Amino acid sequence: MNTPHVTARPDPYAGTERRPRIFRDDLLQGRIALVTGGSSGIGFGIVRSFAELGATVALIGRREEKLAEARAELLRDLPAAELVTIAVDVRNHAAMREAVDGIVSRFGCLDILVNNAAGNFHCPTEQLSENGWRAVIDIDLNGTFNGCQAALPGLKASSHGGRIINITVPQALSGWPGSAHAASAKAGVLSLTRSLAVEWGGYGIRVNNVLPGPIAGTEGLKRLYEDRGIADHEYERMAMGTFGLVDDIANACAFLASPGGDFVTGCDFMVDGGRWLKRGWV
Ligand code: HXC
Ligand code: NAP
Numbered sequence: 048m049n050t051p052h053v054t055a056r057p058d059p060y061a062g063t064e065r066r067p068r069i070f071r072d073d074l075l076q077g078r079i080a081l082v083t084g085g086s087s088g089i090g091f092g093i094v095r096s097f098a099e100l101g102a103t104v105a106l107i108g109r110r111e112e113k114l115a116e117a118r119a120e121l122l123r124d125l126p127a128a129e130l131v132t133i134a135v136d137v138r139n140h141a142a143m144r145e146a147v148d149g150i151v152s153r154f155g156c157l158d159i160l161v162n163n164a165a166g167n168f169h170c171p172t173e174q175l176s177e178n179g180w181r182a183v184i185d186i187d188l189n190g191t192f193n194g195c196q197a198a199l200p201g202l203k204a205s206s207h208g209g210r211i212i213n214i215t216v217p218q219a220l221s222g223w224p225g226s227a228h229a230a231s232a233k234a235g236v237l238s239l240t241r242s243l244a245v246e247w248g249g250y251g252i253r254v255n256n257v258l259p260g261p262i263a264g265t266e267g268l269k270r271l272y273e274d275r276g277i278a279d280h281e282y283e284r285m286a287m288g289t290f291g292l293v294d295d296i297a298n299a300c301a302f303l304a305s306p307g308g309d310f311v312t313g314c315d316f317m318v319d320g321g322r323w324l325k326r327g328w329v
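Structure representation (structure tokens):
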């Protein structure tokens, strides 16, 4: 609330700015939302936006102290926000069920699930260990399945029509040399989304993918591009001439979670500044 909203980009990699508020303040009033990987980066931005728009938000992550820091930061700007933190690994099916059941029994339902938690690192497939492959598939794909299945009873009970938003990546469509594990896992998520949009449409549940381009100030941008010294090259691939902000992804999620998304299911919402179209030309 108190964070200034500016559009100028003094440092293209910092990502500390906010977009102007585009939704009415009560857009998600009364909604119960769960965001996996809500303690940093894009997930944190989604939690912040949902809370600003009136939702009660549960954040999931592995590390208790990181969740506590995120919660404290959010409450500094939004002292009235209703936030719940739960330390759980999305790879643990039983623990995810227990965590989501706890939210549903406390609040009566779940309106919005955002499967955002993910793992990724650059490693050519020739050098990737079996466990490296397995770890990323397990977090990104199995973790998303675990979230969806655990959330189903709560989403069925939503009076707004439940929403699942799966955060994937444009390279799920193109392939990703050096991150074949993540691209494969996220491609699986794209397909899971489309399957569930049909299977669960009869329950009023909308299931969509959001595909972010490179987002400034995030761990993903740092480890995949900045640490490897190729961020400037990636920057040139942006049709819009800039990396995105976490608010760009949060706004897309807020739209899908709102009544604006009532007739949207099974879609791939590309929010990438035109990177995937321009990349072949530079
Ligand atoms: C090669 C690696 C590696 C690396 C880990 N491994 N990092 N192999 N290069 N850089 C291998 C390990 O050696 C091990 O295999 C296996 O992967 C599992 O590693 P662990 O550390 O034991 O796993 P775990 O603690 O479960 O951690 C999972 C993780 C970690 C994915 C490896 O990086 C993580 O927790 N990441 C979460 C945060 C994250 O990745 N954020 C960015 C998301 S960005 P062996 O064989 O040795 O046992 C994103 C899109 C970005 O998804 C898009 C950019 C624009
Ligand atoms: P990030 O800052 O590294 O955040 C990852 C979050 O997930 C953290 O809250 C982390 O907390 C949690 N997490 C990781 N592994 C987990 C597990 N096994 N169980 C539960 N929680 C776990 O990541 P990011 O860069 O913002 O990326 C977020 C999402 O956007 C990912 O799905 C990514 O693929 C996608 N994406 C990012 C970009 C980008 O530019 N950054 C571009 C395209 C797509 P703990 O470590 O405490 O568990």
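Numbering (the numbering used here), first residue to last: 48 to 329. For glycine and all other residues, C-beta sits at the position ideal for the given N, C-alpha and C. Here the structure is a predicted model, which is why all the values come from computation and not from measurement.
Residue environment, Phe-310, which counts as buried when at least 16 other CB atoms sit within 10 Å: Phe-310 is classed as exposed because its beta carbon has fewer than 16 other beta carbons within 10 Å across all chains shown.
Pick from Arg-144, Thr-215 and Arg-153 that is closest to Leu-199, judged by C-alpha positions: Looking at the Cα atoms, Arg-144 is the closest of the given residues.
Runs of beta strand (DSSP E) wholly within the stretch 115-185 (minimum 3 residues, chain order): Taken in chain order, the complete beta strand (DSSP E) segments of 3 residues or longer contained in the stretch 115-185 are 130-134 and 159-162.
Would you mind stating whether Lys-113 and Ser-96 have Cβ atoms separated by less than 8 Å? The answer is no: Cβ separation not under 8 Å.
List the endpoints of the continuous alpha helix (DSSP H) containing Leu-106. Counting along the chain, Leu-106 falls outside any alpha helix (DSSP H), though it belongs to the beta strand (DSSP E) covering 103-108.
Quick one: using the 10 Å Cβ neighbour count with 16 as the cut-off for buried, is Gly-288 buried or exposed? Using a 10 angstroms sphere on the CB of Gly-288, the tally of other CB atoms stays under 16, which defines it as exposed.
When the Cβ atoms of the stretch 211-220 are set against those of the stretch 172-183, are three or more pairs found closer than 8 Å? With the rule of 3 Cβ pairs closer than 8 Å, the stretch 211-220 does not count as touching the stretch 172-183.
At the level of alpha carbons, what is the spacing between Ala-304 and Lys-269? Straight-line spacing of the CA atoms in Ala-304 and Lys-269 works out to 28 Å.
Segment limits, beta strand (DSSP E) that includes Arg-253: Note, Arg-253: beta strand (DSSP E), 253-259.
Considering only the beta carbon of each residue, do Glu-157 and Gly-194 sit closer than 8 Å? For clarity, residue 157 is Leu in the given sequence; the question names Glu instead. Contact flag unset, no.
Which whole-angstrom value describes the C-beta separation of Asp-294 and Arg-65, a residue pair presumed to lie in contact below a C-beta threshold of 8 Å? Right, the Cβ-Cβ distance comes to about 6 Å (below 8 Å), so this counts as a contact.
N-terminal and C-terminal residue of the alpha helix (DSSP H) that Arg-275 is part of: Per DSSP, Arg-275 belongs to no alpha helix (DSSP H) and is neither H nor E.
Out of curiosity, what's the CA-to-CA distance linking Lys-325 and Gly-62? Those two C-alpha atoms are separated by around 22 Å.
If you count every other CB in all the chains shown that lies within 10 Å of the CB of Val-94, and 16 or more means buried, which is it? With 16 or more other Cβ atoms within 10 Å, it is buried.
DSSP beta-bridge partners for Leu-81? Leu-81 is bridged by DSSP to Ala-105 and Leu-160.
Return yes when at least one heavy atom of the ligand NAP lies under 7 Å from the C-beta of Asp-136, else no. Within the cutoff, so yes.
Of the residues Arg-68, Phe-316 and Leu-122, the one placed nearest Thr-215, counting alpha carbons only: Answer by Cα proximity: Phe-316.
Mind checking Ile-69: buried by the 16 CB within 10 Å criterion, or exposed? Counting Cβ neighbours within 10 Å, Ile-69 comes out exposed, since fewer than 16 surround it.
Is there at least one non-hydrogen atom of the ligand ATP closer than 7 Å to the beta-carbon of Leu-239? In the structure shown, the ligand ATP is absent; the only ligands present are the ligand HXC and the ligand NAP.
Where Val-302 falls: helix, strand or coil (DSSP): In the sequence as displayed, the identity of residue 302 is Phe instead of Val. In the structure shown, Phe-302 sits in a helix (DSSP, three-state: H, G or I).
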